[in-house]
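Numbering (the numbering used here), first residue to last: 186 to 731.
In structure tokens:
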């Protein structure tokens with residue numbers, strides 16, 4: 186295992202160095218629907234060597250990393266009942282999603298739109314250049330892999346954007362778009378499926394860089410996610426549950442061949458030390474010393490009164506409800522403590538430093554915050570022992586999808602497909618539940634395991650807890666049309682939490698928290714699930730008007 190990790194680390198390091206070399210080139214490129222035709226003609230040209238194609242594809246990963254390094258890329262995730270943001274400060278764009286009061290002027294949505302189409306434009310350029318190239322037959326194997334990666338990246342970008350907007354432009358070439366039109370969700374899904382199936386046919390079973398680049402298993406896992414979305418709102422093609430289940434099962438049954446597997450220590454997933462692991466089926470890699478830092482963790486999850494940036498917080502009611510229910514013997518401990526910080530140790534300067542972990546001068550509780558009294562996500566901040574609490578930047582990776590999601594897709598989709606639920610679908614659910622209770626993943630646990638009931642709902646609820654704070658919950662609420670149930674009425678109101686009121690003289694008075702930080706302002710019906718197309722794009726192309 187140790188030699189395998191060193192091998193992955195060596196190759197991954199080389200990959201990140203390559204990204205840093207072309208970083209300046211990436212940052213200067215602007216590919217969106219408003220493309221300069223002269224620049225396009227200059228860029229689209231046949232490759233004379235496989236190395237040129239390799240450089241172009243590596244550049245796509247650089248674009249992906251640059252887009253994903255900020256919270257902006259996941260802004261729709263603030264729509265979920267798990268995540269909230271600061272009620273004031275400069276977080277208005279996040280609050281729009283948090284409060285379901287969406288406007289076409291949201292700059293975070295615009296940035297994501299342009300970044301996604303920038304990467305799609307790069308993918309289309311690679312595909313056109315490759316089609317026009319005559320590379321030696323000795324390069325065929327490498328060419329196939331690079332094509333597979335290109336189709337994969339284009340597919341997940343289409344998927345990311347259609348989840349935000351519902352209808353998007355299917356751009357498959359480098360030609361100037363004069364009158365782009367929005368395609369129905371089902372047509373976007375069909376294009377994503379087509380790209381993923383092409384990718385699967387071209388990619389290897391396993392890579393030499395872990396999940397930093399996709400393999401056949403990565404593709405099949407994303408297909409399972411796509412089919413689960415397809416079965417839900419807005420398309421609601423229930424037959425796709427069968428496809429979701431079979432795709433997830435294929436990944437589960439062959440995970441060793443793909444190099445996948447759930448880790449036993451949940452806390453390690455949120456650390457720099459554990460960022461290269463078998464749980465992630467596809468990873469967006471970062472490397473702070475290389476200048477390729479991740480900028481959405483660390484201080485962004487810390488309130489301002491202890492020198493944080495105050496951007497990504499947890500909902501109080503969600504925290505209260507976390508992992509409650511039958512068959513949880515440890516619901517207030519392992520997974521909850523791997524998800525949140527109940528308190529933070531502070532040093533003499535009032536900061537949550539690594540030094541304070543072993544010798545705290547003071548202990549801070551979110552219930553006594555003078556800034557925002559909401560729980561702190563450990564998943565966002567990271568491990569304090571790595572000094573995550575006082576840094577903006579980190580080398581932590583993003584897990585585009587985890588093996589635990591594959592297990593839960595298999596469970597939920599198997600239940601929704603109809604007929605007799607196979608025993609291994611229950612087992613898939615229970616593997617995740619056992620780890621949530623810090624028990625051996627593959628050993629039956631009678632007090633924890635569930636073997637009867639509505640598997641669809643049980644697995645859906647399990648996803649709620651397993652992926653809290655990972656920008657997943659909103660998409661789940663949309664596909665199951667559970668937004669009003671999760672966000673409406675008193676659903677987000679804290680029930681039992683006692684916070685703190687600070688009086689004029691500085692004294693403290695216990696005070697019950699009864700309302701969420703950011704109240705819902707917009708509609709919770711399915712007509713308000715998707716963000717409007719950015720107004721600046723509509724101004725350029727009136728054909729995009731909805």
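The beta carbon of each residue, even a glycine, is placed where N, CA and C say it ideally should be.
Assigned secondary structure, residue i (DSSP; H/G/I helix, E/B strand, else coil)
i           : result
residue 648 : helix
residue 353 : strand
residue 630 : coil
residue 223 : Confidence in residue 223 is poor, its pLDDT being 33 and thus under 50, which makes the residue's placement unreliable; the coordinate value appears in the next sentence. Helix at residue 223.
residue 625 : coil
residue 549 : strand
residue 201 : Residue placement at residue 201 is poorly supported in this model, since its pLDDT is 42, which falls under 50; the coordinates still yield a value, given next. Residue 201: helix per DSSP, three-state reduction.
residue 186 : Confidence is the limiting factor: at residue 186 the pLDDT is only 39, short of 50, which leaves the residue's position unreliable, though a coordinate-based value still follows. In the structure shown, residue 186 sits in coil (DSSP, three-state: anything other than H, G, I, E or B).
residue 418 : coil
residue 477 : strand
residue 268 : strand
residue 745 : With the chain running from 186 to 731 in the structure shown, residue 745 is simply not present.
residue 433 : helix
residue 710 : coil
residue 498 : strand
residue 513 : Residue placement at residue 513 is flagged as unreliable, the pLDDT there being 48, under the threshold of 50; the coordinate-derived value follows with that caveat. Three-state DSSP puts residue 513 in coil, outside helix and strand.
residue 728 : helix
residue 579 : strand
Distance between residue j and residue i (C-alpha atoms, nearest Å)
i           : j           : result
residue 699 : residue 415 : 37 Å
residue 523 : residue 425 : 33 Å
residue 458 : residue 567 : 11 Å
residue 658 : residue 651 : 10 Å
residue 283 : residue 267 : 10 Å
residue 697 : residue 525 : 20 Å
residue 678 : residue 441 : 44 Å
residue 558 : residue 602 : 42 Å
residue 520 : residue 560 : 15 Å
residue 587 : residue 690 : 49 Å
residue 729 : residue 289 : 12 Å
residue 305 : residue 336 : 10 Å
residue 450 : residue 460 : 12 Å
residue 717 : residue 353 : 10 Å
residue 218 : residue 509 : Low confidence applies here, because residue 218 scores a pLDDT of 43, under 50, leaving its location unreliable; read the following figure in that light. Approximately 47 Å, taken between the alpha carbons.
residue 363 : residue 300 : 19 Å
residue 607 : residue 598 : 11 Å
residue 400 : residue 391 : 5 Å
residue 256 : residue 346 : 15 Å
residue 249 : residue 671 : 31 Å
residue 570 : residue 536 : 13 Å
residue 393 : residue 676 : 46 Å
residue 664 : residue 321 : 46 Å
residue 445 : residue 475 : 26 Å
residue 685 : residue 434 : 48 Å
Of the residues the options, the one placed nearest residue i, counting alpha carbons only
i           : options               : result
residue 395 : 432, 462, 659 and 452 : 462
residue 378 : 360, 393 and 408      : 408
residue 584 : 485, 453, 616 and 530 : 453
residue 316 : 358, 723 and 621      : 358
residue 286 : 715, 258 and 720      : 715
residue 709 : 668, 684, 380 and 687 : 668
residue 644 : 553, 660 and 600      : 600
residue 405 : 439, 393, 291 and 339 : 439
residue 553 : 436, 273 and 688      : 688
residue 443 : 389, 481, 431 and 528 : 389
residue 483 : 563, 550 and 465      : 563
residue 713 : 505, 264 and 274      : 264
residue 254 : 604, 481, 638 and 330 : 481
residue 312 : 332, 551, 473 and 613 : 332
residue 721 : 259, 298, 233 and 270 : 298
residue 340 : 369, 302 and 367      : 302
residue 258 : 703, 655 and 683      : 655
residue 528 : 434, 538 and 549      : 549
residue 621 : 497, 507 and 243      : 507
Residues sharing a beta bridge with residue i, DSSP
i           : result
residue 764 : The structure shown does not extend to residue 764, since the chain is modelled only from 186 to 731, so the question has no answer here.
residue 696 : 684
residue 561 : 526
residue 531 : 547
(message) Closer than 8 Å is the cut-off here; do at least three beta carbon pairs connect the segment 537-546 with the segment 496-503?
(response) Under the Cβ criterion (8 Å, minimum of three pairs), the segment 537-546 does not count as touching the segment 496-503.
(message) Is it the case that the segment 476-494 contacts the segment 418-431, given that we only count it when at least three CB pairs across the two stretches are under 8 Å?
(response) no
(request) Mind the definition here: the segment 581-599 touches the segment 608-617 only if three or more C-beta pairs lie below 8 Å; say whether that holds. (result) yes
(message) If contact is defined by three or more beta carbon pairs under 8 Å, each pair taking one atom from either stretch, is the segment 263-278 in contact with the segment 318-334?
(response) Not touching, per the Cβ criterion.
(request) Indicate whether the contact test is met: 3 or more Cβ pairs, each with one atom in the segment 469-488 and one in the segment 567-580, closer than 8 Å. (result) yes
(request) Count the C-beta pairs between the segment 622-629 and the segment 379-387 that are closer than 8 Å, then say yes if the count reaches three, no if not. (result) no
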